[in-house]
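Chemist: Below: one structure in structure tokens.
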Amino acid sequence: MSLGLFFFLAVLAALSALGVIAQRNPVHCLLALAVNLLDIGVMFVGLGAVTVGFLQIIIYVGAIMVLFLFVIWLLNLQAEGFSGYLGLKLFGAIGAAALAAEFATLFLHTSRISTPGASALTQGTITTLGRHLFSDYLVAFEITSLLLLAAVVGAIGLARRPPLSAGLSAAAGSDLATAESPRQMSRSMSVSAEQQTTTPRAGSA
Amino acid sequence: MLIELVIGAIKAIVIVLLVLGLSGVLLWFERKGAALIQDRIGANRAAVFGWGRRLGLPNLGLVNTLLADPLKLFTKEDFVPDGADHFLHGLAPFLALFPILIAFAVVPVGDTLRVAQRNVNLQAAHVDVAALYLLAVIGIGVYGLALGGWASNNRWSLLGGIRASAQMISYELALGLAFLAVVVTYGTLDLQEICRLQGGVWFGWLPRWGILVQPVSFLLLLTAGMAESKRVPFDVPEAESELVAGYFTEYSGGKQAVFMITDFAEVVLVAVLVTLFFFGGWQVPWLYADGFHFPGPHGVFLPLPNYVVAILQIVAFWLKTVFFCCFQILVRWTLPRFRYDQLMQFGWKGLLPVGVLNLILTAFVVVIAGAHY
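So the protein sequences, as listed, match chains Y and P. For the first sequence, the positions run 0 to 204 when numbering that gives the first Met the number 0 is used. For the second sequence, the positions run 0 to 372 when numbering that gives the first Met the number 0 is used.
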């Protein structure tokens, strides 16, 4: 990736991250976050981690952010005014100062902008990634997949209707009005959110 | 360096113009074809100074759909409803169209063409992991519809937007599983490589097209793809009897035209994917890099120069694509619309398990039997 492109993406990432916290309307904040994640994905691709970059876009931008959008709509979040307690602001100021100090040290100790080596550019292909996942990190990979499976099963268990009303709602379930009641929709959305997160596992398998 | 840039730019512009042009022609085919199926005459009013009538030609409605309607749409008032989010309302149609158009960047329309000692790969952008790129780009396409529905400040629009995004992320799973089975079969994510692998013959005469190996995946991809493009029978996001027009209820003029073109560009994209993965892409039966090798006891060989081969491949690719576009439009006038809960059940309880089973079976055959495409 050329330096100019990198700077463009870096500035865009910083601006969109600012947009997430500086805007009042939750939908605008979410869009800024989606732009940020997309930008990071493109940066991954540009730096040679092609598979990770595209997976980031598929999972975060294409699925998780859309579900966030649902949550914002279903909770009917509106643009918020100025608020906050003095204590929170104090904590925020301390955190910001710590972060600024960390960045300052980082900048002072970085001598120059380095370009990624040739080895880094070949490490990100899907072949190398798959080989590493299924040989060096096999145990960690399998444990992660088990964890995701447990999360899926748990989500389905939580979203299941209580058995008492099962007969009643099954009769009414075909009705369009009930199928679109917000409560039920948010349930089915949470299920699909969990199942969406399992796609990378299937992807690398 | 400069010449590479120029070649790349030409390829990119040509494919985008081809897709937009094909979308327009499909719009004509949909209107006139619907009229034919429903025993109506259809669009037949507008003409350019009555030239065609004076020559005694039948009015096919080409002027109506390809000239008069776009002109009308782009000169109409661009109305933004009261209380709408102006910025997002204006951005949404383009946010919907843009991802679909950039998806065509990785589509190979032919093998290499030799021009002046230079091998030109007939693909706008060569990406190693093109299948992943396609999934990523299709995933981004949700935002335009969802935001269009939300920014309009209208109940019908919002319901349409919610339905559209729920439907698209549900059917994306089935689409992804169909992709994965294809990728496992061919052993590559590179679309150009997938097309090349489908060259040659089985048993001396049968073209090695993917449909013969992955018929289930073909049905999955076609069904999920049609659901992604929100066509009948999957058009609940814009169900006119329930939601007026769904997420684009509050759009008029040029922006509405952009949404409409998006729909048809998606139809083209689905047709292109089906062609690439299952019908040999740009492969012409028995045509190799040096010419035709016809099957038969005597094995007739017809040598052809490189440019003729390239042209034949491009023509074959677009013919297959147009065939599947027309197929999708015929489906629209054949099947009734799903109910919303049926749609969700079909996606999650029908297509998804079939896709998982197909993927497991494919992986089993590839790994255990060591079968290579």
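All C-beta atoms in this analysis are idealised placements derived from N, C-alpha and C, irrespective of residue type, glycine included. Keep in mind that this is a model prediction, so the values were computed, not measured.
On the three-state DSSP scale, how would you describe Val-119/P?
Modeler: On the second sequence, residue 119/P is found 120 positions in, with the first residue counted as 1. It is a strand residue.
Chemist: Could you work out which residues of chain P lie near Phe-53/Y, taking near to mean beta carbons separated by less than 7 Å?
Modeler: Working through the first sequence from its first residue, we reach residue 53/Y at position 54. Val-128, Leu-131, Tyr-132 and Ala-135, listed in chain order.
Chemist: Just the Cα atoms here: how many angstroms apart are Leu-188/P and Arg-52/P?
Modeler: For the purposes of this step, residue 188/P is identified with residue 189 of the second sequence, where counting begins at 1. For the purposes of this step, residue 52/P is identified with residue 53 of the second sequence, where counting begins at 1. Going from the Cα of Leu-188/P to the Cα of Arg-52/P covers about 52 Å.
Chemist: When the Cα atoms are used, what is the spatial distance from Lys-31/P to Leu-21/P?
Modeler: Position 32 of the second sequence, counted from the start, is the residue given in the question as residue 31/P. Position 22 of the second sequence, counted from the start, is the residue given in the question as residue 21/P. Going by the C-alpha atoms only, they are around 15 Å apart.
Chemist: How would you list, in chain order, the residues of chain Y whose beta-carbon sits under 7 Å from the beta-carbon of Leu-188/P?
Modeler: Locating residue 188/P in the second sequence gives position 189, counting from the first residue. Within 7 Å Cβ-Cβ: Ile-125.
Chemist: Look up Tyr-287/P in the DSSP assignment and say whether it is helix, strand or coil.
Modeler: By one-based count along the second sequence, residue 287/P stands at place 288. In this structure, Tyr-287/P counts as strand in the three-state DSSP scheme.
Chemist: Have a look at the DSSP bridge pairing and note the partners of Phe-300/P.
Modeler: For the purposes of this step, residue 300/P is taken as the residue at position 301 of the second sequence. His-292/P, per the DSSP bridge assignment.
Chemist: Three Cβ pairs or more, each shorter than 8 Å: is that satisfied between the segment 282 to 296 of chain P and the segment 230 to 249 of chain P?
Modeler: No, the segment 282 to 296 of chain P does not touch the segment 230 to 249 of chain P.
Chemist: Could you confirm whether any beta carbon from chain P is found closer than 9 Å to the beta carbon of Gln-195/Y?
Modeler: Translated into the one-based positions of the first sequence, residue 195/Y becomes position 196. For Gln-195/Y, the predicted structure reports a pLDDT of 45, less than 50, and the residue's modelled location is therefore unreliable. A value from the coordinates is still provided. Answer yes: the Cβ-Cβ gap between Gln-195/Y and chain P drops below 9 Å somewhere.
Chemist: Quick check on His-131/Y - is its C-beta less than 9 Å from some C-beta in chain P?
Modeler: By 1-based counting over the first sequence, the position of residue 131/Y is 132. For His-131/Y, the answer is no, since every Cβ of chain P falls outside 9 Å of its Cβ.
Chemist: Tell me the rounded alpha-carbon separation between Gln-191/P and Thr-274/P.
Modeler: Residue numbering aside, residue 191/P sits at position 192 when the second sequence is read from its first letter. Residue numbering aside, residue 274/P sits at position 275 when the second sequence is read from its first letter. One C-alpha to the other measures close to 12 Å.
Chemist: Does the distance from the C-beta atom of Leu-26/P to that of Met-225/P stay below 9 Å?
Modeler: Taking the second sequence and counting its residues from 1, one reaches residue 26/P at position 27. Taking the second sequence and counting its residues from 1, one reaches residue 225/P at position 226. In this structure, Met-225/P does not lie closer than 9 Å to Leu-26/P by Cβ.
Chemist: Which ranges does the alpha helix (DSSP H) cover as unbroken runs of at least 4 residues, wholly within the segment 219 to 273 of chain P, from first to last along the chain?
Modeler: Entirely contained in the segment 219 to 273 of chain P, the alpha helix (DSSP H) runs reaching 4 residues are, in chain order, 239 to 242.
Chemist: Any beta-carbon of chain Y closer than 9 Å to the one on Tyr-142/P?
Modeler: In the second sequence, the residue the question calls residue 142/P occupies position 143. Answer yes: the Cβ-Cβ gap between Tyr-142/P and chain Y drops below 9 Å somewhere.
Chemist: Can you find the residues in the same chain that come closer than 7 Å, C-beta to C-beta, to Gly-109/P, ignoring five residues on each side of it along the sequence?
Modeler: Here residue 109/P is taken as the residue at index 110 of the second sequence, counted from 1. Cβ neighbours of Gly-109/P beyond the five flanking positions: Leu-121, Trp-281, Ala-309, Gln-312, Ile-313 and Phe-316.
Chemist: Is there a C-beta anywhere in chain P that falls below 9 Å from the one on Gly-61/Y?
Modeler: Here residue 61/Y refers to the residue found at position 62 of the first sequence. True, the Cβ-Cβ gap to chain P drops below 9 Å.
Chemist: Would you identify the three-state DSSP class for Trp-208/P, choosing helix, strand or coil?
Modeler: Residue 208/P sits at position 209 when you count from the first residue of the second sequence. Reduced to three states, the DSSP call for Trp-208/P is coil.
Chemist: Determine which residues share a DSSP beta bridge with Arg-113/P and list them.
Modeler: Working through the second sequence from its first residue, we reach residue 113/P at position 114. DSSP, once it has assigned bridges, lists Asn-118/P as partnering Arg-113/P.
Chemist: Which residues in the same chain have their Cβ closer than 7 Å to the Cβ of Phe-263/P, if we skip the five residues on either side of it in sequence?
Modeler: Here residue 263/P refers to the residue found at position 264 when the second sequence is read from its first residue. For Phe-263/P, where only same-chain residues beyond five positions count, the Cβ hits under 7 Å are Ser-22, Leu-25 and Leu-26.
Chemist: Return the chain-ordered list of same chain residues with a C-beta closer than 6 Å to the C-beta of Gly-52/Y, the five sequence neighbours on each side being excluded.
Modeler: Numbered from its first residue, the first sequence carries residue 52/Y at position 53. So the list reads Gly-40, Phe-43 and Val-44, once near-sequence residues are dropped.
Chemist: Quick one: does Trp-155/P have its CB under 9 Å from some CB of chain Y?
Modeler: If you number the second sequence from 1, residue 155/P lands on position 156. With 9 Å as the cut-off, Trp-155/P does not count as an interface residue toward chain Y.
Chemist: Under DSSP, the alpha helix (DSSP H) around Asp-340/P begins and ends at which residues?
Modeler: Here residue 340/P refers to the residue found at position 341 when the second sequence is read from its first residue. Element bounds for Asp-340/P: 339 to 344.
Chemist: In this structure, how does DSSP classify Val-47/P when only helix, strand and coil are distinguished?
Modeler: As a working note, residue 47/P is residue 48 in the second sequence. Coil.
Chemist: Along chain Y, which residues have their Cβ under 9 Å away from the Cβ of Gly-138/P?
Modeler: Taking the first residue of the second sequence as 1, we reach residue 138/P at position 139. Going along chain Y in sequence order, the residues near Gly-138/P (Cβ under 9 Å) are Ile-56, Ile-57, Ile-58, Val-60, Gly-61, Ala-62 and Val-65.
Chemist: What residues from chain Y crowd round Ala-8/P, counting only those whose CB sits closer than 9 Å?
Modeler: Within the second sequence, numbered from 1, the residue matching residue 8/P stands at position 9. Per Cβ cutoff of 9 Å: no residues; Ala-8/P is ~18 Å from chain Y at best.
Chemist: Cα-Cα, which of Val-60/Y, Gly-61/Y and Leu-46/Y is closest to Leu-4/Y?
Modeler: On the first sequence, residue 4/Y is found 5 positions in, with the first residue counted as 1. Considering only alpha carbons, the answer is Leu-46/Y.
Chemist: On the three-state DSSP scale, how would you describe Pro-335/P?
Modeler: Locating residue 335/P in the second sequence gives position 336, where the first residue counts as 1. In the structure shown, Pro-335/P sits in coil (DSSP, three-state: anything other than H, G, I, E or B).
Chemist: By Cβ distance, which residues of its chain are closer than 7 Å to Pro-69/P, with the 5 residues on each side in sequence left out?
Modeler: Within the second sequence, numbered from 1, the residue matching residue 69/P stands at position 70. The answer, listed in chain order, is Ala-256.
Chemist: Nearest-angstrom Cα distance between Gly-209/P and Ser-216/P?
Modeler: Indexing the second sequence from 1 puts residue 209/P at position 210. Indexing the second sequence from 1 puts residue 216/P at position 217. Answer to the nearest angstrom: the Cα atoms are 10 Å apart.
Chemist: Using a C-beta cutoff of 9 Å, does Phe-69/Y count as contacting chain P?
Modeler: In the first sequence, the residue the question calls residue 69/Y occupies position 70. Chain P, which has a Cβ nearer than 9 Å to the Cβ of Phe-69/Y, makes this yes.
Chemist: Would you give the residue range spanned by the alpha helix (DSSP H) that Leu-190/P belongs to?
Modeler: Position 191 of the second sequence, counting from 1, holds the residue named residue 190/P. Where Leu-190/P is concerned, the enclosing alpha helix (DSSP H) stretches over 190 to 196.
Chemist: Would you mind stating whether Thr-184/P and Val-353/P have Cβ atoms separated by less than 9 Å?
Modeler: Translated into the one-based positions of the second sequence, residue 184/P becomes position 185. Translated into the one-based positions of the second sequence, residue 353/P becomes position 354. No, the Cβ-Cβ distance between Thr-184/P and Val-353/P is not below 9 Å.
Chemist: Measuring CB to CB, does Ala-177/P end up less than 9 Å from Leu-211/P?
Modeler: The residue labelled residue 177/P in the question sits at position 178 within the second sequence. The residue labelled residue 211/P in the question sits at position 212 within the second sequence. No, they are not a contact pair.
Chemist: Since Val-26/Y meets chain P, which of its residues come closer than 9 Å, beta carbon to beta carbon?
Modeler: Translated into the one-based positions of the first sequence, residue 26/Y becomes position 27. By Cβ distance, chain P contributes Asp-84, Leu-87, Leu-146, Trp-149 and Ala-150.
Chemist: Taking only runs of the alpha helix (DSSP H) that begin and end inside the segment 58 to 104 of chain P, which ones reach a length of at least 4 residues, in chain order?
Modeler: Whole alpha helix (DSSP H) segments, 4+ residues: 68 to 74 and 85 to 102.
Chemist: Ile-376/P touches chain Y at which residues, Cβ-Cβ below 7 Å?
Modeler: In the structure displayed, chain P extends from 0 to 372; residue 376/P sits before or after that span and is not available.
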